[in-house]
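If you're matching them up, the sequences are chains B and L in order.
Using the working numbering, you'd call the opening residue of the first sequence number -11 and step up by one each time.
Using the working numbering, you'd call the opening residue of the second sequence number -11 and step up by one each time.
The block underneath contains the structure these notes are about, expressed in structure tokens.
Number of protein chains: 2
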Amino acid sequence: MSVAERKLREKEMIRKKIIDAALQLVKNEGWESLSIRKIADAIEYSAPVIYDHFANKEAILFEISQDGFKLLLSNIHKAISKKASPREELKALVDTYWKFALRNRSYFKLMFGVGMPCCGEGKMKTEFGALQDIIYEIIKKIIIEKKTNIESACYKTHAFWSAIHGFTSIMIARSADVPQTMNVSVLDQMVVNIIENL
Amino acid sequence: MSVAERKLREKEMIRKKIIDAALQLVKNEGWESLSIRKIADAIEYSAPVIYDHFANKEAILFEISQDGFKLLLSNIHKAISKKASPREELKALVDTYWKFALRNRSYFKLMFGVGMPCCGEGKMKTEFGALQDIIYEIIKKIIIEKKTNIESACYKTHAFWSAIHGFTSIMIARSADVPQTMNVSVLDQMVVNIIENL
DNA sequence: AAATTTACCTAACAGTGTTAGCAAAGTTAA
DNA sequence: TTAACTTTGCTAACACTGTTAGGTAAATTT
Chain B
-11 MSVAERKLRE
-1 KEMIRKKIID
9 AALQLVKNEG
19 WESLSIRKIA
29 DAIEYSAPVI
39 YDHFANKEAI
49 LFEISQDGFK
59 LLLSNIHKAI
69 SKKASPREEL
79 KALVDTYWKF
89 ALRNRSYFKL
99 MFGVGMPCCG
109 EGKMKTEFGA
119 LQDIIYEIIK
129 KIIIEKKTNI
139 ESACYKTHAF
149 WSAIHGFTSI
159 MIARSADVPQ
169 TMNVSVLDQM
179 VVNIIENL
Chain L
-11 MSVAERKLRE
-1 KEMIRKKIID
9 AALQLVKNEG
19 WESLSIRKIA
29 DAIEYSAPVI
39 YDHFANKEAI
49 LFEISQDGFK
59 LLLSNIHKAI
69 SKKASPREEL
79 KALVDTYWKF
89 ALRNRSYFKL
99 MFGVGMPCCG
109 EGKMKTEFGA
119 LQDIIYEIIK
129 KIIIEKKTNI
139 ESACYKTHAF
149 WSAIHGFTSI
159 MIARSADVPQ
169 TMNVSVLDQM
179 VVNIIENL
């Protein structure tokens, strides 16, 4: 049965090669100009081979955006684990979120793009939910600490998430259009302010 | 010189026809599947004619998104003009913004899409700025009324703008993924809360 | 060694944005 | 009114795109 195993390994290998090549192309040229033939060229196979591993182009972009979520979540977990208080955790989360968007614009656009072909309509529910859960848990801890209304934790999670995501989206979407007064210090101040009013 | 005028009018007419047809197609099938040939079909001309009026497809999408901004700004101005207090103005602005996004998803995606091909890199500076200016003026009025720190008006504008845009983006981008707890009442509560803390 | 499966290719289809070149119509000048 | 010129709008084409069909040769199983 070793042959079958090797074959499976090989199939997995070329699958990984496709994703790697696609990610590289997306990073270099943007997701809009990614093409099956470019991927095929990069991995030195003919184009139809890709369809042995993925149903279509969208499935490739979908998998890439899922990898992006995995990376973001792992970064956040790493950053949070080092912190002692939930307030510090929340600050670290925002910092990580922002840095991720800044350093991995391609991933970010794919993951959170409004009207993105690959990630709409219920497909990202778990990834999206995981992120929200982390925020929720931290906010709950802070609220318990501050002994304010615990019922508001859910609403406050949405509000917090909206604020940092809105800020990041605006910054990433229109790098050149953004006024100088809207910079990272605004984000810092926003977080401090939100924590104060939790 | 009337002949030249008529020609200009005619040219303007078919230009408008192109935009109208394109907008209709975008509304019905989404911007991703808009094609020059579909537009040409709709206006009953051959495809190359479109290039007498627009440099390329991107220019058409760009003009549509600009029309979207005009519509949004006009809606906001209309809504605001009816209100007596700046607090009511701010609420009306958010309400209008949200309703616009909900009813004109195609416009919204084109206007604010992260990584949108047509509206990045400094192109939308004025439209974007106009919206921000409106928010800024209202917030300034409220701050003066409340006699809190006027210097914070700029930061607070960004924070406010981030929050409502973030909320709206999340709702529009992932209609199916959004948890039931994140609904319009969250938006209302957010605005009330922000006004309280201005 | 024969049969069968798999891996992979070329060719093709139907579509895309965009440009070149031409014919007919409209407009201007003699 | 006719000759010259400009504009208008077409067909055809180029170089792409995603995706599928069909065949060939190699690898594996019987």
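Glycine included, every Cβ here is placed at the ideal spot set by N, Cα and C.
Source: prediction; values computed, not measured.
query	result
At a Cβ cut of 8 Å, what residues of the segment -10 to 8 of chain B count as close to chain L, listed as they run along the chain?	none
Need the endpoints of the alpha helix (DSSP H) that residue 149 of chain L sits in, please.	141 to 161
Using only alpha-carbon positions, find the residue among B/41, B/21, B/29, B/34 that is nearest to residue 1 of chain B.	B/41
When you compare the CB of residue 85 of chain L with every CB in chain B, is at least one pair closer than 8 Å?	no
Check each residue of the segment 117 to 147 of chain L: if its Cβ is closer than 8 Å to any Cβ of chain B, include it; give the result in chain order.	117, 120, 142, 143, 146, 147
Please list, in chain order, all residues of the same chain as residue 99 of chain L whose beta carbon is under 7 Å from its beta carbon, the five residues on each side excluded.	53, 56, 57, 107
Rounded to whole angstroms, what is the Cα-Cα separation between residue 68 of chain L and residue 81 of chain L?	7 Å
Does the Cβ-Cβ distance between residue 151 of chain L and residue 154 of chain B come in under 8 Å?	yes
Does any residue of chain L bring its CB to less than 8 Å from the CB of residue 154 of chain B?	yes
Going by the CB atoms, is the gap between residue 149 of chain B and residue 183 of chain B shorter than 8 Å?	no
Does the structure place the segment -9 to 10 of chain L close enough to the segment 27 to 43 of chain L that three or more beta carbon pairs sit under 8 Å?	yes
If you run the structure through DSSP and keep just helix, strand and coil, what is residue 37 of chain B?	helix
Please give the ranges of any alpha helix (DSSP H) in the segment 25 to 108 of chain L, keeping only runs that are unbroken, at least 4 residues long and fully inside the region.	45 to 69, 74 to 91, 93 to 100
Kindly give me the distance between the Cβ atoms of residue 78 of chain L and residue 130 of chain L, rounded to whole angstroms, as I take these residues to be in contact under 8 Å.	7 Å
Where does residue 169 of chain L sit, in a helix, a strand or coil, going by DSSP?	coil
Looking at chain L, is there any beta carbon in it that lies within less than 8 Å of the beta carbon of residue 161 of chain B?	yes
Once DSSP output is grouped into helix, strand and coil, what is the label at residue 114 of chain L?	helix
What did DSSP end up calling residue -11 of chain L once you bin it into helix, strand or coil?	At residue -11 of chain L the pLDDT is 48, less than 50, meaning the model places this residue with poor confidence; the figure from the coordinates comes in the next sentence. In this structure, residue -11 of chain L counts as coil in the three-state DSSP scheme.
Report, in whole angstroms, the separation of the C-beta atoms of residue 144 of chain L and residue 175 of chain L, which I expect to be a contact under 8 Å.	Rounded, the Cβ-Cβ distance is 18 Å, inconsistent with contact.
Please state whether the Cβ-Cβ distance between residue 24 of chain L and residue 35 of chain L is less than 8 Å.	yes
Just the chain B side, please: which residues come within less than 7 Å of residue 12 of chain L by C-beta, in chain order?	Per Cβ cutoff of 7 Å: no residues; residue 12 of chain L is ~17 Å from chain B at best.
Can you look up residue 11 of chain L in the DSSP assignment and give me helix, strand or coil?	helix
Any heavy atom of the ligand GTP within a distance shorter than 7 Å of the CB on residue 37 of chain B?	Ligands in the displayed structure: none, and consequently the ligand GTP is not present.
Please report the distance separating the alpha-carbon of residue 71 of chain L from that of residue 65 of chain L.	10 Å
Taking 8 Å as the CB-CB limit, is residue 177 of chain L close to chain B?	yes
Put residue 138 of chain L into one of helix, strand or coil per three-state DSSP.	helix
Cβ of residue 136 of chain L within 8 Å of Cβ of residue 86 of chain L?	no
So which residues of chain L does residue 185 of chain B contact, with C-beta pairs closer than 7 Å?	185
Using beta-carbon positions only, say whether residue 28 of chain B and residue 37 of chain B come within less than 8 Å of one another.	yes
Work out the CA separation of residue 128 of chain L and residue 74 of chain L for me, nearest whole Å.	9 Å
Between residue 16 of chain L and residue 84 of chain B, what straight-line distance do the alpha-carbon atoms span, to the nearest angstrom?	38 Å
By alpha-carbon positions, which one of B/-8, B/76, B/94 ends up nearest to residue 21 of chain B?	B/94
Out of B/30, B/11, B/180, B/112, point me to the one whose CA is closest to residue 147 of chain L's CA.	B/180
Assign residue -8 of chain L to one of two classes, buried (16 or more other C-beta atoms within 10 Å of its C-beta) or exposed (fewer than that).	exposed
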